[in-house]
Every structure is written in C-alpha cells, then in structure tokens.
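Residue numbers (our numbering): 1 to 147.
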C-alpha cells in the first residue's frame, strides 16, 4: 500500500501537467504563437462595405471585417490577415503600425499557415516615430497584450 501512494501522486502530477500543456498550447494556439509585425500599412480595407449600404436589415458583424496587409520593416515581407477589429478603420495606407497577427492552428487544414484577427496595437503616421528598440518590458507587454 505504501508503494501505491507515491506512484498515484506522480501519475496525478503528470496528468495535471499534461492537461495544462494541452490547454496552453492546443486550445490557445493563436495566442501563444502570435507574431509581432512592425511596418508600413500597404492596405487596410473594409471587406463588406457594400453590404452596409445596400442592406436595410440588421447589420451583420462581418460588415466590420478588414483585410490588412503590412510590409515588415526589417524583412520587407508583406504579412496579410483578416480582422474584425474596428480600430483598423482609423489606419490609413502608409501609416506605420505595430500589430499582432494570430495564426490559425496547423491542424486547421483549410486555413493552416495563414493569419487571422490582426490586432492593431500602436499606430504612427511615419516609421520615423517608432521607438528605436524593444525593451524587456515591451516584449512582456506584447506577450500578454498589455497596451
């Protein structure tokens, strides 16, 4: 009986750790693996603009969807994503932004390796106004999305 209790405790601890691991990495995939994109806005366009004008019924939430493309400041790569964040309505082409891009999980085969829900964190009129470097506190703020 004395040998069973330590084994049961170890098994319980392992099961709790595995459950925590799955909860963090599987169910929160997009949040854990989000990427920070800093650069010039190439496009930030409303996807369903005509729907608002022509429809007299209740407004569909997708009417506030945006298609966002940002040219990375360091690599020159253009990152694209969709977003339902209404803050993108205030962003103009040519602005310099800091945004968080959330990837679809890889097991979502139809949308794997693409991003969704681009979240605007900071908006500048030019890239010269950006802070020169990120401090440890800035990285921590980005991880937890404290603005």
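In this text, a Cβ means the ideal position worked out from N, Cα and C, and glycines have one as well.
- Just measuring C-alpha positions, the residue of 130, 136, 114 sitting nearest residue 34 is 114.
- Excluding its 5 nearest sequence neighbours in each direction, residue 106 has C-beta neighbours in its own chain below 6 Å: 112, listed in chain order.
- Residue 91 and residue 71 have their C-alpha atoms spaced approximately 14 Å apart.
- When C-beta atoms of the region 81 to 97 are compared with those of the region 37 to 44, three or more pairs fall below 8 Å, so the two segments count as touching.
- Around the CB of residue 135, fewer than 16 other CB atoms lie within 10 Å, so the residue is classed as exposed.
- For residue 141, the enclosing alpha helix (DSSP H) stretches over residues 136 to 144.
- In its chain, beyond the 5 residues on either side, 120 have a beta carbon closer than 6 Å to the beta carbon of residue 87.
- Looking only at 68, 75, 100, 117, the smallest Cα-Cα distance to residue 142 is reached by 100.
- In the structure shown, the three-state DSSP call for residue 77 is coil.
- Separation of residue 132 and residue 138 (C-alpha to C-alpha, rounded to the nearest whole angstrom) is 12 Å.
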